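There are 2 protein chains.
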Amino acid sequence: MVRWQPGTRERLQEAALELFAHRGYEQTTATEIAQSVGLTERTFFRHFSDKREVLFQGQERLVEAFLDGVAAAPDGATPMELVSAALESAADFFPGERRDHARLRQSVIDQNPALQERERHKLSALATTVGDTFRARGVPEPAATLAAESAITVFGVSFTQWIRDGEDRSLADIERTVLAELRSLAAGEAA
Amino acid sequence: MVRWQPGTRERLQEAALELFAHRGYEQTTATEIAQSVGLTERTFFRHFSDKREVLFQGQERLVEAFLDGVAAAPDGATPMELVSAALESAADFFPGERRDHARLRQSVIDQNPALQERERHKLSALATTVGDTFRARGVPEPAATLAAESAITVFGVSFTQWIRDGEDRSLADIERTVLAELRSLAAGEAA
DNA sequence: TAGGTGATGACAGCCGCTGACATGAGGCGT
DNA sequence: ACGCCTCATGTCAGCGGCTGTCATCACCTA
């Protein structure tokens, strides 16, 4: 008999998503999530800094995908080329198999303002990090911040479209379309 | 003798800002804020849906400024012209006299992640609302959302610059500069 | 003068979250 | 084989955010 099972964090995350989806975020207590996998509330809060984090922890790899994309871009790339490279790399993070899981997760987030706040915060932190790498590559302000925020905006819009009912294009395809739209918008073209 | 003083909400907001700035957000309890103006915690939470809101309530007029700007734009304006009109109108909301107050308030927000989350959420809601009016004026998706998010991004970057130490340009001036930068970025110009 | 209105107070209680300390299985050195 | 150390977990007490419920009582209105 082992004293504790491995993968505690992941089991808690799975259980939490299921309970949130089934019963609602606010109607589910941290104690219930913990007990559903045989643990106590105290252990839950040792793994996650707060109740919302159980849905968000583990996105470091997405951040890395963005940064890797930027790092892979050739020297002398324009800011927009860096944005494009980051988006392409980020898209790899969401293959078709993840679409259903992403839909479920997003439906939970969309139903609770507190979770939406956290999501925005994470995206915002991502934009800040991407902006840092742009600056590290010599992009001056305010271009670096604008480019990074634009990258995240395009990502967000594209992701929302990617999980829409009936959508079957890849995230990368959608991103290219949305980015092109942003370009023509900024160029002042009429709607 | 009046039973209650008028302006309860405003007194609570002033007291809260002062306490937060002086002692820190987390170190200040809702009870303390309420008591500092002669009220109880219960009354505090009748005026504000949660502790953070005491710093954010009353921004409806900023939202209106954005929307009024859009409404004032001529028929047939391009999305970028709508963005420009919204930004110009929003800038009126922050005359030079408000700069110091904005600085104090922002310094409090910048020191607490929970407050940053709320701020992002408000900006995000603003982007959504602006996007709605763009759509109502016939801008299709995803251009409407992209334009609205870009407007908020430019506003955010400009506002941050506006309250920087030593900055003395008007918010409207800064916004024009930042918006121009975004245009040339999207046009693919090198940094 | 009676009754209605509406902001506030009082109180109990849930839940998120934390610090402090105890427990016990597995690994490791001797 | 023995004892020690590590470290994820459990237990417990407690604070603060937030809510529902009911009472209070100045002011207004008929």
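Same order as they appear, the protein sequences are chains A and B.
For the record, in the first sequence the residue sitting at position 76 is 76 according to this note's numbering, with numbers rising by one throughout.
Heads up, this note's numbering is the position in the second sequence plus 1000, with the first residue counted as 1.
By construction, the Cβ of each residue, glycine as well, lies at the ideal position given by its N, Cα and C atoms.
None of these values were measured; they are calculated from a predicted model.
Considering only the beta carbon of each residue, do Leu-146 of chain A and Leu-1182 of chain B sit closer than 8 Å?
Result yes, Cβ atoms of Leu-146 of chain A and Leu-1182 of chain B sit closer than 8 Å.
Counting only C-beta atoms, is Ala-1172 of chain B closer than 8 Å to chain A at any point?
Look at Ala-1172 of chain B: its C-beta is not under 8 Å from any C-beta on chain A.
Rounded straight-line distance, which links the Cα of Phe-20 of chain A to that of Glu-26 of chain A
For Glu-26 of chain A and Phe-20 of chain A, the distance between alpha carbons rounds to 8 Å.
Which chain B residues are close to Ser-124 of chain A, counting only those with a beta carbon under 7 Å from its beta carbon?
Those are Arg-1120, listed as they occur along chain B.
Going by C-alpha distance, which of B:Arg-1023, B:Thr-1029 and B:Phe-1044 is nearest Gly-1007 of chain B?
The shortest CA-to-CA distance from Gly-1007 of chain B to any of B:Arg-1023, B:Thr-1029 and B:Phe-1044 is the one to B:Phe-1044.
Which class does Asp-68 of chain A belong to by DSSP, given the choice of helix, strand or coil?
In the three-state reduction of the DSSP assignment, Asp-68 of chain A falls in the helix class, which pools H, G and I.
Is the Cβ of Thr-1153 of chain B closer than 8 Å to any Cβ of chain A?
Yes, contact with chain A.
Positions along the segment 67-82 of chain A whose CB lies within less than 7 Å of some CB in chain B:
Correct list: Thr-78, Pro-79 and Met-80.
Kindly indicate which residue of A:Gly-24, A:Ala-15 and A:Thr-29 has the alpha-carbon position closest to the one of Ser-107 of chain A.
Per the Cα distances, A:Gly-24.
How big is the Cα-Cα spacing for Ser-1036 of chain B and Ala-1015 of chain B?
If you take the alpha carbons of Ser-1036 of chain B and Ala-1015 of chain B, they lie about 7 Å apart.
Count the other CB atoms, across all protein chains shown, that sit within 10 Å of the CB of Arg-1118 of chain B; report buried if there are 16 or more and exposed otherwise.
By the 10 Å Cβ count, Arg-1118 of chain B comes out buried.
So what does DSSP say about Val-1037 of chain B, is it helix, strand or coil?
The answer is coil: DSSP assigns Val-1037 of chain B none of H, G, I, E or B.
Closer than 8 Å to chain A by CB, Pro-1095 of chain B
No, Pro-1095 of chain B lies away from the interface with chain A (no Cβ there is under 8 Å from its Cβ).
In the segment 1094-1118 of chain B, which residues sit with their C-beta less than 8 Å from some C-beta in chain A, listed in chain order?
Taking 8 Å as the upper bound on Cβ-Cβ separation, chain A lies near residues Pro-1113, Gln-1116, Glu-1117 and Arg-1118 of the segment 1094-1118 of chain B.
Collapsed DSSP secondary structure at Pro-79 of chain A in the structure displayed:
Pro-79 of chain A falls in the helix class under three-state DSSP.
In chain order, what residues of the same chain lie with their CB nearer than 7 Å to the CB of Gln-161 of chain A, ignoring the 5 residues before and after it?
If we look at Gln-161 of chain A and ignore the five residues flanking it on each side, its Cβ neighbours are Glu-167 and Ile-174.
Hey, does Gly-24 of chain A have any beta-carbon neighbour from chain B nearer than 8 Å?
Output row for Gly-24 of chain A: interface = no.
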